[in-house]
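Heads up, the thing below is written out as structure tokens.
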Amino acid sequence: MLNIIRPDTKFDFMKAAPFFARFSAGLFAVSVLVIAVMGLNLGLDFSGGHEVLLAFEKEGVESEDVRRQLNDLFPGVDTSVQSYEVPTATVAKSFYLTRIMRSQSFGDEELRELNEAFQSRYGDILEQPIAYNPEAGDVVKVDFVETATQSGIDISEAALAETVEGTEHAVRLVRRVGRPDQQRYEIVLKGVDATVVNGMKELDPSVRAVRVEFVGPTVGKQLRDDGILAVLYALGLILIYVAFRFDIFYGPGAIVCLFHDAIITVALLTLLGAQFSLATIAGLLTLVGYSINDTIVIFDRIRETVGKAQGAALDVRLNQAINETLGRTLMTSLSTLIACFCLMTFGSGTVLAEF
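Per our numbering, residue 1001 is the first one in the sequence shown, and the count goes up by one each step.
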């Protein structure tokens, strides 16, 4: 078998253990402070909002141009722009993934204008104000009284679309819903994606939206809670496994190491301004898996060497265990690093790079 570390290697790791223990504890405390002060930059998956992938056919459109235009369209709203690569693209010169962290498609002012338009046209035959569910995205509901058809006022789908288009909004679709005896309609509006595309026409008249996604606030909160629970469940199950596999005293140490690795990684991502998404959670869980795998290998060798100690000092046996597994640790870390480098290089502009 290939050995990248000589079998007779005897590095004295335990000599530096007190220093690195203090260093790790300090780094962990600083990481917790960074996360507490700066907070996590939650992405679309967790905060809710819209994600629109734009394709520009005109050359020379830069990300700063798109970002400036996006800020003008949505003042006071968290937005982000990321260059995107689509290998199969043949016409478009550049792609930008825009995120608008607004948990609902329409603000209170926009809904007020829609309600005023319908009240002005239909008045008393409206059963209630326009209903809007933030989870539904770009859909509003209009309810008329049962006798609305006898009033002589036009409540056809075309008339409803005309009423909406008298405001700043445009209509994608009007459909009747509910029971046959109900005068209930759903109006699907051209929402944030249409606003983004129209605003970007100043940069490129041929710009188009290639992909549009929306995550509602409740779904975002549920994904966020499930992500936190996934990490906690993983740590709990690892604690139980290590306790049964080795000894009850090994488990807490392994879990402390996992928290150490995960928290420092999260703090680093926070400092870099990275957005936390489902891909980030998947990456953290993978990190936990690699970390515990390495820990278990070393723990196993420690147990073997300590069992054969025959009066030798504990530090000597711990050094022996770490040195004997050092080659395996380096090869595993190097192969993982190569895989991550490939994901970042060839997965640029995709979820793979975030992972």
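Glycine residues also receive a C-beta, built at the ideal position from the N, C-alpha and C atoms.
Close-in-space but distant-in-sequence residues of the same chain around ILE1005 (CB under 6 Å, 5 per side omitted): LEU1326 and GLY1327
Closest residue to LEU1256 among SER1151, GLY1236 and PHE1244 (Cα-Cα distance): Residue identity differs from the one stated: residue 1256 is Val in this sequence, not Leu. That would be GLY1236, whose Cα lies nearest to the Cα of VAL1256.
Neighbourhood of THR1305 by C-beta, 7 Å cutoff - its chain only, sequence neighbours within 5 removed: Only ARG1317, GLN1320 and ALA1321 meet the Cβ criterion.
Proximity to ILE1228 [Cα-Cα], best of MET1344, LEU1285 and ALA1254: Nearest C-alpha to ILE1228: LEU1285.
Inter-stretch contact (C-beta, 8 Å, three-pair minimum) for the region 1203-1210 and the region 1165-1180: no
Nearest-angstrom Cα separation, counted from SER1031 out to ASN1293: 23 Å
Inter-stretch contact (C-beta, 8 Å, three-pair minimum) for the region 1038-1052 and the region 1269-1281: yes
VAL1145 and ILE1125 closer than 8 Å at C-beta: yes
Delimiting residues of the alpha helix (DSSP H) encompassing GLY1251: 1250-1271
Of the listed residues VAL1142, LYS1190 and THR1149, nearest to ARG1175 (C-alpha basis): If we check each option's Cα against that of ARG1175, VAL1142 comes out closest.
Sequence-distant residues of the same chain with beta carbon closer than 8 Å to ASP1193, five excluded per side: HIS1050, VAL1052, ALA1209 and VAL1212
Distance between ASP1108 and TYR1132 (C-alpha atoms, nearest Å): 10 Å
Completely contained alpha helix (DSSP H) runs for the region 1027-1079, where each covers 4 or more residues: 1044-1047 and 1063-1073
Cα-Cα separation between LYS1221 and ARG1121, rounded to whole angstroms: 38 Å
C-alpha gap between LEU1269 and ASP1300, whole angstroms: Cα-Cα distance, rounded: 32 Å.
Simplified DSSP assignment, three categories, for ILE1005: coil
Per-residue DSSP class, three states only, for GLU1324: helix
Whole-Å CB distance - LEU1232 paired with ASP1261, under 8 Å assumed: With a Cβ gap of about 15 Å, LEU1232 and ASP1261 do not count as contacting.
Distance between SER1083 and SER1333 (C-alpha atoms, nearest Å): Rounded to the nearest angstrom, the two C-alpha atoms are 30 Å apart.
Other residues of its chain near ARG1184: CB distance less than 6 Å, five sequence neighbours each side excluded: ASP1143, VAL1177 and GLY1178
Within 8 Å, strictly: CB atoms of LEU1027 and THR1195: no
Cβ separation of LEU1173 and VAL1197, assumed to be a contact under 8 Å, to the nearest whole Å: Going by Cβ atoms, the distance from LEU1173 to VAL1197 rounds to 17 Å, so no, they are not a contact pair.
C-beta atoms of ALA1243 and GLY1253 nearer than 8 Å: Between ALA1243 and GLY1253, the gap from beta carbon to beta carbon reaches 8 Å or more.
Where SER1063 falls, given that 16 or more other Cβ within 10 Å makes a residue buried: exposed
For PRO1018, the nearest candidate out of ASP1315, GLU1324, LEU1160 and LYS1058 (CA to CA): ASP1315
ALA1234 versus PHE1355: straight-line alpha-carbon distance, rounded: 18 Å
Alpha-carbon spacing of TYR1096 relative to VAL1081, whole angstroms: 6 Å
SER1277 (DSSP reduced to helix, strand or coil): coil
Exposure of SER1335, with buried meaning 16 or more beta-carbon neighbours within 10 Å: Flag for SER1335 reads exposed.
Cutoff 6 Å; reference GLU1113; Cβ partners in own chain excluding five residues on either side: THR1167
Uninterrupted beta strand (DSSP E) stretches inside the region 1165-1221 (no shorter than 3 residues): 1170-1177, 1183-1190 and 1208-1215
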